[in-house]
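Right, one structure below, let's go through it.
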Amino acid sequence: AQSVTQLDSQVPVFEEAPVELRCNYSSSVSVYLFWYVQYPNQGLQLLLKYLSGSTLVKGINGFEAEFNKSQTSFHLRKPSVHISDTAEYFCAVRPMNTGFQKLVFGTGTRLLVSP
Amino acid sequence: DGGITQSPKYLFRKEGQNVTLSCEQNLNHDAMYWYRQDPGQGLRLIYYSQIVNDFQKGDIAEGYSVSREKKESFPLTVTSAQKNPTAFYLCASMGPTRDPPYEQYFGPGTRLTVT
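Respectively, the protein sequence lines represent chains A and B. Residues in the first sequence are numbered from 507 upward in steps of one, following the numbering used here. Residues in the second sequence are numbered from 1150 upward in steps of one, following the numbering used here.
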């Protein structure tokens, strides 16, 4: 079975400051990893994903994430946040190379950007 | 444009009434999912379907029912047996298990309020 931990339920940050949202996972098999963003009263939108290859992946809106297999982490970063980045962010995993069709989500991190 | 539609965006019902939430996709995906979202609890899987005429219970199926008569459609019925139905409901779909892009696609959600 897989599990995803997002330790920070809420991260306050000032506009133009850097931010890191942490994600750790547990799995006995290799996994694909995803970050989604959810704006208020909307569905989830894919920010970025790691499937294979380079461990640093770039996504939309200036976000990037780094896969660290030894630490089983997939932290999300942005060097300079905007007010419009205020949203909830979800990390998710899915086992590789199987018929398993479910994603396992973390509980989410609310990013609050203030002026 | 391909995507997932959920209707209505907001739904109000009296306690004791069944209500059906609509989910339609034109992505030609086999797998479809229903999640419930409550503040601070992330996404919880209600039901999922991997193919037409087949579906499985998720983590919180009690008080809910689904059908999958067509590939494009996966309606969710919230029955009067659901003790706390007020929540934000998200529908999602996913493509072939062993082929890219591997992520789930989400609809815009339906906010159900039961009084």
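All C-beta atoms, glycine included, are put in the ideal place defined by N, C-alpha and C.
Run of the beta strand (DSSP E) containing residue i, from where it starts to where it stops
i: Pro601(A); result: 593-601
i: Val543(A); result: 537-544
i: Cys1240(B); result: 1236-1243
i: Lys555(A); result: 550-556
i: Thr561(A); result: No beta strand (DSSP E) contains Thr561(A), which DSSP labels as neither H nor E.
i: Arg616(A); result: 615-620
Residue i in three-state terms, based on DSSP
i: Ile1095(B); result: The requested residue 1095(B) is not part of the displayed model; chain B covers only 1150 to 1264.
i: Ser515(A); result: coil
i: Asn567(A); result: helix
i: Ser590(A); result: helix
i: Thr578(A); result: coil
i: Phe1255(B); result: strand
i: Arg583(A); result: strand
i: Arg1217(B); result: coil
i: Leu1225(B); result: strand
i: Leu609(A); result: coil
i: Arg528(A); result: coil
i: Ala523(A); result: coil
i: Ser1198(B); result: strand
i: Glu1164(B); result: coil
i: Asp1179(B); result: coil
i: Arg1247(B); result: coil
i: Thr1262(B); result: strand
For residue i, the residue or residues it bridges with in DSSP
i: Cys1172(B); result: Gln1155(B)
i: Gln1186(B); result: Leu1192(B), Phe1237(B)
i: Ala624(A); result: There is no way to answer for residue 624(A), as the model of chain A reaches only from 507 to 621.
i: Phe1204(B); result: DSSP lists no partner for Phe1204(B).
Anticipated Cβ contact below 8 Å, residue i with residue j, distance rounded
i: Val537(A); j: Val599(A); result: 4 Å
i: Thr1235(B); j: Val1215(B); result: Between Val1215(B) and Thr1235(B) the Cβ distance is about 19 Å, and since that is not below 8 Å, they are no contact.
i: Ser1229(B); j: Gly1165(B); result: 5 Å
i: Tyr542(A); j: Leu552(A); result: 6 Å
i: Val525(A); j: Lys575(A); result: 23 Å between Cβ atoms; not a contact.
C-beta atoms of residue i and residue j nearer than 7 Å
i: Val622(A); j: Thr615(A); result: Since the first and last residues shown for chain A are 507 and 621, residue 622(A) lies out of range.
i: Val619(A); j: Glu522(A); result: no
i: Gly549(A); j: Leu1239(B); result: yes
i: Glu570(A); j: Lys564(A); result: yes
i: Val610(A); j: Val519(A); result: no
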